[in-house]
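Heads up, the sequence shown is in our numbering, so the first residue is 5 and it goes up one at a time. The C-beta atom is built at its ideal place from N, Cα and C for all residues, glycine as well. Being a predicted model, the structure only gives us computed values, none of them experimental. Before any comments, here is the structure.
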Amino acid sequence: MAADHLEQHTTCECRRAIVTGALALAVAPFAPTVEADVNPRTVRPQTGDRFVFMTGDRKGEPIKPADLKVGDAPTLAYPVDAASGTVRDGARTNLLLLVRLDPKDIAAGMQANAAEGVVAYSAICTHYGCPITQLHASGGKLVCNCHGSTFDAGNNGENVVGPATRRLAVLPLKAVDGDIVAAAGFSGPLGPPQQ
Ligand code: FES
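See the structure below:
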């Protein structure tokens with residue numbers, strides 16, 4: 005009786021092992037395919053990404069620090085994978101704005117996210133999602149032309165005026181070999197709150 009039980013148990017274990025092995029074999033060949041299906045153009049900005057102009061005569065060209073001047077309107081940009089050169093323009097949420105600020109307009113808590121006076125944010129307004137394209141004449145404030153929401157570019161994109169209810173997502177920057185690159189991914193939620 006005990007032997008029968010042992011035999012049954014062993015058979016059961018064997019069956020379980022065979023099934024588990026078969027499942028592993030069935031799943032393994034598909035794992036790399038799932039990774040390969042990720043579209044690099046829709047991947048969010050990554051550490052080390054560089055930037056290109058999103059529009060205008062220089063669309064697709066690299067943005068250099070000298071292209072950004074204090075007082076200029078925000079420059080709309082897409083991140084670029086530095087290794088492959090892939091422009092991450094396949095998702096609207098990857099649209100960025102870069103703006104150079106007067107150093108006096110950068111709060112102490114924002115300085116670690118700035119490089120050579122330049123700061124970067126998600127360009128998607130957190131009200132209804134319009135792209136943000138304007139710098140207020142007084143400097144340091146980003147204005148959405150759709151309904152007037154205003155964000156403090158020198159202070160983590162805090163919403164200071166208008167109907168938006170939350171700040172812009174920051175993209176931390178760092179200087180590398182005279183260039184400006186992403187120091188990390190986005191900090192903060194992107195776009196309007198989900199309805
Ligand atoms: S979409 Fe920007 S203020 Fe409404």
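If the five residues before and after Gly195 are omitted, its C-beta is found closer than 8 Å to the C-beta atoms of Thr97, Ser126, Ile128, Cys129, Thr130, Gly133, all from its own chain and listed in chain order. Scanning the segment 33 to 72 for uninterrupted beta strand (DSSP E) segments of 3 residues or longer gives 54 to 57, listed from N- to C-terminal end.
CA-CA distance, Asp53 to Ser142, rounds to 30 Å.
Counting only beta-carbon distances shorter than 5 Å to the non-hydrogen atoms of the ligand FES, the qualifying residues in chain order are Cys129, His131, Tyr132, Cys134, Cys148, Cys150, His151, Ser153. The beta-bridge partner set that DSSP reports for Leu177 consists of Ala186.
About 5 Å separates the beta carbons of Lys145 and Thr154, which is inside the 8 Å limit, making them a contact pair. Spanning the alpha carbons of Ala187 and Ala87 requires a straight line of approximately 15 Å. Ranked by how close their Cα comes to the Cα of Val84, the residues Ala70, Asp71, Leu99 have Leu99 in first place. Here Arg62 is exposed, its C-beta having fewer than 16 other C-beta atoms within 10 Å.
Gly89 and Gly64 have their C-alpha atoms some 11 Å from each other. Counting other Cβ atoms within 10 Å of its Cβ, Thr79 reaches 16 or more and is therefore classed as buried.
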